Amino acid sequence: MKKFSSRYSISVHILSLVALSPTSCTSDFIAESVNTNPVIIRRIIGMLKKAGLVHVRAGAGGTYLQKELDEITLLDVYRAVEVADHEHIFNCHDETNPRCPVGANIESVFRTKMLQAQSAMEHELDQVTLKQLVSELKEKTGSI
Numbered sequence: 001m002k003k004f005s006s007r008y009s010i011s012v013h014i015l016s017l018v019a020l021s022p023t024s025c026t027s028d029f030i031a032e033s034v035n036t037n038p039v040i041i042r043r044i045i046g047m048l049k050k051a052g053l054v055h056v057r058a059g060a061g062g063t064y065l066q067k068e069l070d071e072i073t074l075l076d077v078y079r080a081v082e083v084a085d086h087e088h089i090f091n092c093h094d095e096t097n098p099r100c101p102v103g104a105n106i107e108s109v110f111r112t113k114m115l116q117a118q119s120a121m122e123h124e125l126d127q128v129t130l131k132q133l134v135s136e137l138k139e140k141t142g143s144i
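Going by the UniProt record's numbering, the sequence shown wraps up at 144, each residue one higher than the last.
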């Protein structure tokens, strides 16, 4: 089964780390926590910045949250990093046989169900704030 881009989980990781860190978070510091290359971190931070979720100070200034934790939902993060290639996360195969009753109708029937599933997922993501996630992280780690 194909997975979503890891940009989403990395983005949530970045935002959580920035929220919990007592000092400024440089891309090197974040990359060490995520266990990836700082270039990948900078690219994702750029997406989060474009979405208005973080502020970046030039040089070694670090990354800071642009909004309060309770103002950022997991849906905001999901949309910021363009998890899916297009607006819809599920795709139908192209060019079915229009002379076949199934081929002529599968896309419209299937797409409706997949759009419902996507809507339900996005609704759930919109119910979870970064504040809730960070609170759970604090509980798991015994406060950072």
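Quick reminder that beta carbons are idealized off the backbone N, C-alpha and C, glycines included.
Predicted model, so just to flag it, every value in this text is computed and none were measured.
**Message:** Based on DSSP bridge pairs, tell me the residues matched to arginine 57.
**Reply:** Here residue 57 refers to the residue found at position 57 of the sequence shown. Its beta-bridge partners are Gly62.
**Prompt:** In terms of residues, what are the limits of the alpha helix (DSSP H) holding alanine 19?
**Reply:** Along the sequence shown, read from residue 1 onward, the residue named residue 19 stands at position 19. It spans 7 to 20 - the alpha helix (DSSP H) in which alanine 19 sits, taken as one unbroken run.
**Item:** Nearest-angstrom beta carbon gap, histidine 13 and serine 33 [assumed within contact, 8 Å]
**Value:** Numbered from its first residue, the sequence shown carries residue 33 at position 33. Numbered from its first residue, the sequence shown carries residue 13 at position 13. Indeed they touch by this definition, with Cβ atoms about 7 Å apart.
**Message:** Which runs of the alpha helix (DSSP H) at least 4 residues long sit entirely within the region 64 to 120? Give them in chain order.
**Reply:** 74 to 80
**Message:** Can you tell me whether alanine 58 is buried or exposed? The criterion is at least 16 other CB atoms within 10 Å of its CB, across all chains shown.
**Reply:** Counted from its first residue, the sequence shown places residue 58 at position 58. Classification of alanine 58: exposed, given that the 10 Å Cβ count is below 16.
**Item:** Beta-bridge partners of threonine 129, as assigned by DSSP
**Value:** What you label residue 129 is simply residue 129 of the sequence shown in a count that begins at 1. DSSP, once it has assigned bridges, lists Thr73 as partnering threonine 129.
**Item:** Unbroken alpha helix (DSSP H) run spanning alanine 31, endpoints
**Value:** On the sequence shown, position 31 is the one that residue 31 refers to. 27 to 34 is the extent of the alpha helix (DSSP H) around alanine 31.
**Message:** When you compare the CB positions of leucine 69 and lysine 131, do they come within less than 7 Å of one another, or not?
**Reply:** Position 69 of the sequence shown, counting from 1, holds the residue named residue 69. Position 131 of the sequence shown, counting from 1, holds the residue named residue 131. A contact, by the Cβ cut-off of 7 Å.
**Asked** Secondary structure at threonine 141, three-state DSSP: helix, strand or coil?
**Response** Counting from one through the sequence shown, the residue named residue 141 turns up at place 141. Three-state result, threonine 141: helix.
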